[in-house]
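Colleague: Chains A and B, in that order, give the protein sequences. Counting along the first sequence from 1, when you hit position 265 you're at 246 in the working numbering, and nothing is skipped either side. Counting along the second sequence from 1, when you hit position 172 you're at 226 in the working numbering, and nothing is skipped either side. Every residue, glycine too, gets a C-beta built ideally from N, C-alpha and C. I am attaching a structure below and will ask some questions about it afterwards.
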Amino acid sequence: MDKNAVRIANQRLWDAHPELGGRSLSTDPADASLRTEWNRYYQNAVSATASQPKTKPSPAQTPPPATIITPCPLAPQAITVNNCQENKNHVQEGDIVLRGERGDSESEFISKISKCDYSHAGIVAKNERGELVVVDAYPGRNSAVGANSVDDFFCGHGATHGLAVRPKDCQAAKKAAQWAMAQTKEPDYVFDIWDPWNKDPKRLYCADFVYQSYQNAGVNLVPEKMDFLSDANRENTLSAVKESEKYKNLPLYERALATDRKIAADLKKKAGGTSQYITPCQVASNPNMTKIVAFEKPVPAPATLANTEKF
Amino acid sequence: MPETHISAQQFWDYYFRNAFLMLERKNGQYTGQIFVESENGLSKGLLEKRQQKFVVIDMTALHHYDYLHDGRFALMLQRPTDPSEAFTAVVRKTYPYREAAPFGKQRMSELFSEIYLHWHQSSAPITLSGFEQIVMNIIAQYKDSDNQQLAALAWLLGEQRQRSSSKALLAIVSNAAFVPFAQHRIHFTSVDTAFSALWKVNDKRSMGDLITLMRNSSSAGQHKIAPLFERLVSTTELLSLERCDENYFSPEFWERFITPRRNYTDTEWDQYDTDSLFWEIRFLSASRLSATETIFLNKLVNDEVQIVSDIAREGIGVASTH
């Protein structure tokens, strides 16, 4: 018998008779009329297959096209919080979260060249216990993708400010979050912000991971990557290098030799020849996103004369 | 600077991570240069001064590596070479992914089902030329919403490793955002996948078109095309950014290399590829060379990568020694 035709005939019979609950037919006389019907489906399937030179696979279930937006229930009014632990009370599955660390020289440098006030991105998902966590790609892990608490995301790592945004398409958000959570079980993700060959989805960085999560839900969050050495951005990048502490601390002769061309060439070599990447701001600034929470850690008040007099 | 002897495992890890700034394959060994990593394995930031180190491994150590238990090699032999079987395996989520596809297994399955329903003529057989034609049809009426289907198809063409697919793949990269006067601005996911696929199909005779494209591209495009040339033409020495410096991004540099070989036939390029620095290209060469090319197949019979040597032996009808 033609196995493919059997499969098709079974499916057609089960579709026509849901009361069968997907069971196979027996030789019992009670199934006689069903067996006749099945035979008809089988013969039709055999004839259809015979007319085609190659076997056609049965298509998997097709998801709704990515362009159809299913509105989420009433996005709340955007709020600002000062306590990092409050963020968890406002986020939900699929939200994209960003954070920044003012005062860290490398983070500030990346923020300047990417024209983005945030240096890290993650996606909110539900773990096996139904708790909300942030899944992100982060350096220093065995596999780069992992999940931690929402508090850890906003309160740890010297975060000084943050943001949570919500996609208008809540089905895509849920699917993206589920895909992201599933990746925490994959052992072979490698953190790599500058992937010279730039083609392997398993070598990734934070914003790339969020981008991929939504891609796997059928949504392209980012139309074009940021190029920090494009004609439009080159000057900004070079001035960020020159303003950095590390550059200012170079010996005078080294700074004298560091022409713009040399600085750009050096950056390109360190980035493996590429100067394009996806910034945290890009994954959060899609027009189909709504801002939910902005987090700003209060800046400690500068010591005043009155304060110092107390000590 | 002293050289550090590395194991075969380390060598292949560096190779697959594209970590070599310089690499030479000659005199019975590989010698390379890599960035020194910090103790936790992280590469330092863009502002740090990064130290480099020299590494070396001899061919004997590489010959003894267990290639058949390393999926990065073994899966090359397990991929379905028939387009219809490959398509079915992707839809059924059973495809033996050696190199990650642009999307996860589930999404790839959904996309190929969509392609089947929307683009494939119901009575037509599933063939490679059919997929190539679908790519051209999608490009002809490209919409942003087609991007993921296009990326999935580009990936499949790469996996099939047939020269004929270079035309469709070139059509994708020729419509990238980095080409100022292109008809479309195809999304970077499809473009990146097409670049990867162009390396896998290894159609050297399309390099003239790539030079023209490089010349007509912005600097962002030149940054994309140069690594493809690096992979397609490097033989005893890796023609890397570190090695070539700013020439690396110049179309003229690559043109000077290609011009003397512009009349090469496919067979002559297969012969050239027996000296490639990349084992994937040597593997293709061993698969593509006809049994009469014994001189060139014999060069690959003792290749340090077992699956290359096995296929070369098969080509000339010699039993494997492994």
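1. Following the continuous alpha helix (DSSP H) through B/Y69, name the residue where it begins and the one where it ends.
2. Within this structure, are the beta carbons of B/L165 and B/Q132 separated by less than 7 Å?
3. Would you tell me roughly how many angstroms separate the C-alpha atoms of A/T260 and A/C97, rounded to the nearest one?
4. A/D132 lies in the alpha helix (DSSP H); which residues open and close that run?
5. Enumerate in chain order the residues of its own chain whose CB-to-CB distance from B/E93 is below 7 Å, with the five nearest sequence positions on each side excluded.
6. Considering only residues of the same chain and omitting the five flanking positions on each side of A/C136, which have a CB-CB separation below 8 Å?
7. What did DSSP end up calling B/Q87 once you bin it into helix, strand or coil?
8. Across the stretch 109 to 123 of chain A and the stretch 233 to 250 of chain A, are there enough close Cβ pairs to call them in contact, namely three or more that are closer than 8 Å?
9. Using a Cβ-Cβ cut-off of 7 Å (strictly less than) and excluding sequence neighbours within five positions of A/E167, which residues of its own chain qualify?
10. Starting from B/R325, trace the alpha helix (DSSP H) in both directions and tell me its first and last residue.
11. What does a CB cutoff of less than 8 Å around B/S330 pick up in its chain, not counting 5 residues either side in sequence?
12. Excluding five sequence neighbours on each side, which residues of the same chain lie with their C-beta closer than 7 Å to the C-beta of B/I365?
13. Which residues in chain B have a C-beta closer than 8 Å to the C-beta of A/E74? List them in chain order.
14. Closest to B/M190 by C-alpha separation, out of B/L122, B/I349, B/Q237, B/L223, would be which residue?
15. Measuring CB to CB, does A/V293 end up less than 7 Å from A/A145?
16. Does the beta carbon of B/A154 come closer than 7 Å to any beta carbon on chain A?
17. So what's A/D247 in DSSP terms, helix, strand or just coil?
18. In or out: B/V245 buried (at least 16 other Cβ within 10 Å) or exposed?
19. Would you please verify whether the beta carbon of A/P54 is less than 7 Å from any beta carbon of chain B?
20. Does B/L171 come out as helix, strand or coil in the three-state DSSP assignment?
21. In angstroms with no decimal places, state the Cα-to-Cα distance between B/D200 and A/G254.
22. Between which two residues does the beta strand (DSSP E) containing A/L113 stretch?
23. So who's on the other strand from B/V233, going by DSSP bridges?
24. Any idea if B/L351 is buried or exposed, counting beta-carbon neighbours within 10 angstroms, 16 or more meaning buried?
25. Determine, for A/T218, whether the minimum Cβ-Cβ distance to residues of chain B falls below 7 Å.
26. Scan the stretch 187 to 206 of chain B for residues whose Cβ lies nearer than 8 Å to a Cβ of chain A and list them as they occur along the chain.
27. With C-beta atoms as the reference, is A/S95 less than 7 Å away from A/G81?
28. Can you tell me where the beta strand (DSSP E) holding B/Q106 begins and where it ends?
29. How would you label B/T243, buried or exposed, when you count the other beta carbons within 10 angstroms and need 16 or more for buried?
30. B/S219 and B/L211: beta carbons closer than 7 Å?
31. Write down every uninterrupted run of the beta strand (DSSP E) in the stretch 233 to 263 of chain B whose length is 3 residues or greater and which is fully enclosed by it, in chain order.
32. Between the alpha carbons of A/K35 and B/R161, how many angstroms are there, rounded?
33. Per DSSP, B/E57 is paired with what?
Modeller: Per the coordinate set shown:
1. For the purposes of this step, residue 69 of chain B is taken as the residue at position 15 of the second sequence. Looking at the DSSP string, the run of the alpha helix (DSSP H) that includes B/Y69 is 62 to 70.
2. The residue you call residue 165 of chain B lines up with position 111 of the second sequence. The residue you call residue 132 of chain B lines up with position 78 of the second sequence. The beta carbons of B/L165 and B/Q132 sit no closer together than 7 Å.
3. Start at 1 with the first residue of the first sequence, and residue 260 of chain A comes out as number 279. Start at 1 with the first residue of the first sequence, and residue 97 of chain A comes out as number 116. Cα-Cα distance, rounded: 7 Å.
4. Here residue 132 of chain A refers to the residue found at position 151 when the first sequence is read from its first residue. In the DSSP annotation of this structure, the continuous segment of the alpha helix (DSSP H) that includes A/D132 starts and ends at 131 to 136.
5. Here residue 93 of chain B refers to the residue found at position 39 of the second sequence. The predicted model places B/E93 with a pLDDT of 40, which falls under 50 and marks its position as unreliable, so this point remains unresolved.
6. In the first sequence, the residue the question calls residue 136 of chain A occupies position 155. Around A/C136, the same chain offers C65, Q66 as residues with beta carbons nearer than 8 Å, after the five sequence neighbours per side are excluded.
7. The residue given as residue 87 of chain B occupies position 33 in the second sequence. DSSP places B/Q87 in strand when its eight states are reduced to three.
8. Contact fails: fewer than three Cβ-Cβ distances are below 8 Å.
9. For the purposes of this step, residue 167 of chain A is identified with residue 186 of the first sequence, where counting begins at 1. The beta carbon of A/E167 sits closer than 7 Å to the beta carbons of S124, V126 from its chain, once the five residues preceding and following it are set aside; these are given in chain order.
10. By one-based count along the second sequence, residue 325 of chain B stands at place 271. Checking the displayed sequence, the identity of residue 325 of chain B turns out to be Gln instead of Arg. Its alpha helix (DSSP H) spans residues 320 to 327.
11. Counting from 1 along the second sequence, the entry for residue 330 of chain B is found at position 276. Answer for B/S330: S288, T289, R336, S339, listed in chain order.
12. As a position in the second sequence, residue 365 of chain B is number 311, starting the count at 1. Hits under 7 Å: F337, A340, S341.
13. Here the question's residue 74 of chain A lines up with position 93 in the first sequence. Neighbours of A/E74 on chain B: none; closest Cβ ~18 Å, over 8 Å.
14. One-based indexing of the second sequence puts residue 190 of chain B at position 136. Nearest of B/L122, B/I349, B/Q237, B/L223 to B/M190, Cα basis: B/L223.
15. For chain A, the structure presents residues -18 to 292; residue 293 of chain A sits outside this window and is missing.
16. Here residue 154 of chain B refers to the residue found at position 100 of the second sequence. Yes, contact with chain A.
17. Here residue 247 of chain A refers to the residue found at position 266 of the first sequence. The answer is helix: DSSP assigns A/D247 an H, G or I state.
18. Taking the first residue of the second sequence as 1, we reach residue 245 of chain B at position 191. Counting of Cβ neighbours within 10 angstroms places B/V245 among the buried residues, the total reaching 16 or more.
19. On the first sequence, residue 54 of chain A is found 73 positions in, with the first residue counted as 1. For A/P54, the answer is no, since every Cβ of chain B falls outside 7 Å of its Cβ.
20. As a first step, residue 171 of chain B is located in the second sequence; it is residue number 117 there, counting from the start. B/L171: helix per DSSP, three-state reduction.
21. On the second sequence, residue 200 of chain B is found 146 positions in, with the first residue counted as 1. On the first sequence, residue 254 of chain A is found 273 positions in, with the first residue counted as 1. Those two C-alpha atoms are separated by around 29 Å.
22. Indexing the first sequence from 1 puts residue 113 of chain A at position 132. A/L113 -> beta strand (DSSP E) spans 113 to 118.
23. Counting from 1 along the second sequence, the entry for residue 233 of chain B is found at position 179. Residue pairing of B/V233 in beta bridges, as defined by DSSP: absent, with no partner found.
24. Translated into positions along the second sequence, residue 351 of chain B becomes position 297. So B/L351 ends up on the buried side.
25. Taking the first residue of the first sequence as position 1, residue 218 of chain A is located at position 237. Interface flag for A/T218 against chain B is unset, since no Cβ pair is found closer than 7 Å.
26. Cβ contacts with chain A: D198, S199, N201, Q202.
27. Within the first sequence, residue 95 of chain A is the residue found at index 114, counting from 1. Within the first sequence, residue 81 of chain A is the residue found at index 100, counting from 1. No, the Cβ-Cβ distance between A/S95 and A/G81 is not below 7 Å.
28. Counting from one through the second sequence, the residue named residue 106 of chain B turns up at place 52. Per DSSP, B/Q106 belongs to the beta strand (DSSP E) from 106 to 112.
29. Along the second sequence, one-based indexing puts residue 243 of chain B at 189. When all chains shown are included, B/T243 counts as buried.
30. Working through the second sequence from its first residue, we reach residue 219 of chain B at position 165. Working through the second sequence from its first residue, we reach residue 211 of chain B at position 157. B/S219 places its beta carbon less than 7 Å from that of B/L211.
31. You should have found no qualifying run.
32. Sequence index remark: in the first sequence, residue 35 of chain A carries index 54 (1-based). Sequence index remark: in the second sequence, residue 161 of chain B carries index 107 (1-based). Residue confidence is low: A/K35 scores 47 on pLDDT, short of 50, so the model does not pin down where it sits. Its coordinate-derived value is still stated next. When rounded, the distance between both Cα atoms is 24 Å.
33. As a working note, residue 57 of chain B is residue 3 in the second sequence. Answer is B/F108.
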